[in-house]
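Novice: What follows is a single structure, and I will ask about it in a moment.
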Amino acid sequence: MSKPETAVEPKTISEKEFNERPFVAMPQTEEEAELKNLIINYTGNKLQPEDGLVDVNMIVETMATEFPEFLYAFAEENFIRGYQLGLEDATKLPTEQTEGTEPEE
Numbered sequence: 461m462s463k464p465e466t467a468v469e470p471k472t473i474s475e476k477e478f479n480e481r482p483f484v485a486m487p488q489t490e491e492e493a494e495l496k497n498l499i500i501n502y503t504g505n506k507l508q509p510e511d512g513l514v515d516v517n518m519i520v521e522t523m524a525t526e527f528p529e530f531l532y533a534f535a536e537e538n539f540i541r542g543y544q545l546g547l548e549d550a551t552k553l554p555t556e557q558t559e560g561t562e563p564e565e
């Protein structure tokens with residue numbers, strides 16, 4: 461008799477937990493690049509956060525609203541790289557047989 465399969469629930473996090481991640485919540489320093497400062501200042505002026513701090517999530521939201529084709533290019537590249545990696549993993553990783561199964565001929 462085989463064991464019943466248990467459903468694996470995906471791990472989800474809240475928006476607050478996402479915004480507290482190290483790179484997402486990274487504060488700005490004074491020695492940043494000019495373009496970075498321009499983007500941070502634009503986002504801060506546009507969203508007017510209560511604490512005056514701009515995080516990466518705010519910048520992504522602003523970019524998605526103001527310049528969606530820029531983010532589409534990144535999303536497309538990320539999707540293609542992930543898909544390619546998945547295909548490579550599928551062809552390179554050895555297949556494992558479960559107990560009691562015979563290999564197909």
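What the sequence shown shows, in the numbering used here, is residues 461 to 565, in sequence order.
Each residue gets a CB set at the ideal place from its N, CA and C atoms; glycine is no exception.
What first and last residue would you give for the alpha helix (DSSP H) that runs through G504?
Specialist: Per DSSP, G504 belongs to the alpha helix (DSSP H) from E494 to L507.
Novice: Closest to L498 by CA distance: which of P509, A524 and V514 is it?
Specialist: The shortest C-alpha separation from L498 is found at V514.
Novice: Pairs of beta-carbons, one from the region 500 to 511 and one from the region 527 to 539, closer than 8 angstroms: are there three or more?
Specialist: No: the two stretches stay apart, fewer than three of their Cβ pairs being nearer than 8 angstroms.
Novice: Going by CA-CA distance only, name the one from K476, E477, I519 and S474 that's closest to L495.
Specialist: With distances taken between Cα atoms, L495 lies closest to I519.
Novice: Less than 9 angstroms between the beta carbons of T522 and T551, yes or no?
Specialist: No, Cβ-Cβ distance for T522 and T551 is not below 9 angstroms.
Novice: What number of angstroms, rounded off, separates the C-alpha of I540 from the C-alpha of L553?
Specialist: Whole-angstrom Cα-Cα distance: 20 angstroms.
Novice: Put G512 into one of helix, strand or coil per three-state DSSP.
Specialist: Three-state result, G512: coil.
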